[in-house]
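Protein chains: 2
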Amino acid sequence: MTERRDATTEGKDAMAERRPLRADAQRNRARLLEVAERVFAAKGTSASTEEIAREAGVGVGTVFRHFPTKEALLEAVFVCRLRRLADEADALTSSTDPGTAFFTFFTGVVEQSATKNALAEAGIDVQRVSSEVRAHVVRALGSLLAGAQEAGAVRDDIGVPELLALLIGASRTAEYASEDRAVQARALAIVLDGLRR
Amino acid sequence: MTERRDATTEGKDAMAERRPLRADAQRNRARLLEVAERVFAAKGTSASTEEIAREAGVGVGTVFRHFPTKEALLEAVFVCRLRRLADEADALTSSTDPGTAFFTFFTGVVEQSATKNALAEAGIDVQRVSSEVRAHVVRALGSLLAGAQEAGAVRDDIGVPELLALLIGASRTAEYASEDRAVQARALAIVLDGLRR
DNA sequence: GTAGAATCGGAGTGATCACTCCGTTAAGAA
DNA sequence: TTCTTAACGGAGTGATCACTCCGATTCTAC
Chain A
1 MTERRDATTE
11 GKDAMAERRP
21 LRADAQRNRA
31 RLLEVAERVF
41 AAKGTSASTE
51 EIAREAGVGV
61 GTVFRHFPTK
71 EALLEAVFVC
81 RLRRLADEAD
91 ALTSSTDPGT
101 AFFTFFTGVV
111 EQSATKNALA
121 EAGIDVQRVS
131 SEVRAHVVRA
141 LGSLLAGAQE
151 AGAVRDDIGV
161 PELLALLIGA
171 SRTAEYASED
181 RAVQARALAI
191 VLDGLRR
Chain B
1 MTERRDATTE
11 GKDAMAERRP
21 LRADAQRNRA
31 RLLEVAERVF
41 AAKGTSASTE
51 EIAREAGVGV
61 GTVFRHFPTK
71 EALLEAVFVC
81 RLRRLADEAD
91 ALTSSTDPGT
101 AFFTFFTGVV
111 EQSATKNALA
121 EAGIDVQRVS
131 SEVRAHVVRA
141 LGSLLAGAQE
151 AGAVRDDIGV
161 PELLALLIGA
171 SRTAEYASED
181 RAVQARALAI
191 VLDGLRR
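So the protein lines, in turn, are chains A and B.
Residue 1 is where the first sequence starts when you use my numbering, and the numbers rise one by one after that.
Residue 1 is where the second sequence starts when you use my numbering, and the numbers rise one by one after that.
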């Protein structure tokens with residue numbers, strides 16, 4: 001259904017061929033993404049488009065002009081999150097201690113996802129996301145993981161797919177245990193210990 | 001809202017004070033639970049009540065007579081699953097090898113939840129479920145875990161809360177990786193290794 | 001400033017869904 | 001078999017939601 005209007009955040013639209021958005025339109029789009037992330041995290045993906053529009057101080061029409069479908073909005077929010085994730089991984093990759101970098105990253109992602117919503121929620125999937133972003137995520141996680149493995153801090157028998165699956169599961173674990181920080185910490189420790197050699 | 005009609009499956013209703021259900025009513029109730037579990041697992045909890053009624057060969061009215069609310073139906077399905085889980089744990093507790101029993105149980109639950117839906121889905125929570133069932137689950141898991149810990153197969157610094165959180169997270173991991181069995185197995189192995197001493 | 005296009009706002013639309021109501025059916029006691 | 005009544009079926013109801021449409025409002029190039 002959504003074939004042409006597939007561009008997700010602002011990347012391609014703004015830089016290439018298509019004329020840049022008007023100033024107010026850019027502002028609205030950014031604000032919508034911001035608000036949508038917060039609202040979806042707080043009330044789940046069933047939060048209504050109208051609520052997001054109201055919260056962002058725009059009309060529903062504006063939401064649907066920027067994101068032709070609710071699913072497109074969800075995907076855009078998800079892509080944003082993925083981008084940030086990949087950036088964090090990138091920033092840690094050059095660390096002097098790859099093992100610590102890896103575990104810091106893992107812990108950080110899980111802790112963020114415990115309050116914010118789970119990493120991959122409601123049918124949106126790293127697989128289905130634009131290949132550019134997916135490639136970025138896979139590359140960044142791959143470097144971080146490889147570094148930690150070479151340093152002997154992480155076992156050798158896993159790759160990026162296993163890492164992604166564990167990140168998602170551990171996020172769910174943390175979300176479930178979010179009422180008791182001690183439980184949360186001990187549960188996470190088990191996954192981290194399992195990752196070590 | 002749902003104060004009085006809170007009985008979930010058939011336990012209390014049938015055995016105590018209230019007159020037993022008519023034969024057809026009992027059949028319908030059981031069939032509804034069965035169908036609902038399958039449908040919710042396949043299409044998520046947003047599957048409509050009408051679809052479940054149709055699949056079960058009854059009218060919507062019948063669904064709402066047995067389960068006054070969609071949420072009540074979801075809870076009943078969930079309680080069923082929890083009961084089975086506790087029974088499985090009970091059956092394994094008397095095993096001669098408590099360590100193997102524990103890991104068999106964990107693996108079994110996770111594998112079931114990978115195709116069926118996640119253990120605790122969509123806002124229904126072990127905490128909110130009738131205390132009788134909750135107690136059963138906690139007792140059964142507690143025995144299994146304690147046995148494995150005494151046998152030296154599982155680390156000592158976790159309890160039932162951590163175990164529940166990990167079961168839920170590992171189920172999510174398995175669900176995410178359900179397309180690639182090898183990934184699924186390696187991810188699960190990491191959690192299991194983390195649980196060992 | 002002003003023209004003209006891009007963008008906005010929000011009432012309106014059709015679809016879907018949980019839940020109700022009541023006429024009909026059939027279980028089960030006598 | 002008959003009578004009572006528990007249980008059933010499914011059309012109907014109101015609410016909600018994603019999405020559309022177009023007149024009103026900016027923005028921006030000149």
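Each residue gets a CB set at the ideal place from its N, CA and C atoms; glycine is no exception.
Minimum Cβ-Cβ distance from residue i to chain A less than 9 Å
i	result
B:L74	no
B:G194	yes
B:I52	no
B:R81	no
B:D157	yes
B:D180	yes
Contact list for residue i against chain A, beta-carbon separation under 8 Å
i	result
B:E162	A177, V183, R186, A187, I190
Where residue i sits in the DSSP three-state scheme
i	result
A:K43	helix
B:P98	helix
B:E179	coil
B:R197	coil
A:S131	helix
B:R22	coil
A:F67	coil
B:G57	coil
A:G159	coil
A:G142	helix
A:D87	helix
B:S171	helix
A:G108	helix
B:L154	Per the sequence shown, residue 154 of chain B should be read as Val rather than Leu. Here B:V154 sits in coil by DSSP.
B:S113	helix
Backbone CA spacing between residue i and residue j [nearest angstrom]
i	j	result
A:I52	A:F78	16 Å
B:L141	A:R22	59 Å
B:V126	A:P20	51 Å
A:T173	A:S113	10 Å
A:R65	B:R155	55 Å
A:A151	A:P98	7 Å
A:D198	A:A41	There is no way to answer for residue 198 of chain A, as the model of chain A reaches only from 1 to 197.
B:V109	A:R134	31 Å
B:L73	A:V63	35 Å
A:R31	A:A56	6 Å
A:L188	B:L195	11 Å
A:R202	A:D87	For residue 202 of chain A there is no data in the structure shown, the boundaries of chain A being 1 and 197.
A:E175	B:V39	25 Å
A:V60	B:T107	46 Å
B:C80	B:E50	21 Å
A:E75	B:E75	30 Å
A:V234	A:D24	An answer regarding residue 234 of chain A cannot be provided, because it is not within the stretch 1 to 197 covered by chain A.
A:R197	A:A153	6 Å
A:R83	A:E37	14 Å
B:K43	A:V183	31 Å
B:V191	B:F102	13 Å
A:S178	B:D180	29 Å
B:G147	B:T100	10 Å
Contact with chain B by residue i, beta-carbon distance below 9 Å
i	result
A:S46	yes
Beta-carbon neighbours of residue i, restricted to chain B and to distances below 7 Å
i	result
A:L166	T173, A187, I190
A:A170	G169
Residue i: CB within 8 Å of a non-hydrogen atom of the ligand NAP
i	result
B:R84	With respect to the ligand NAP, the structure offers nothing, as it holds no ligand at all.
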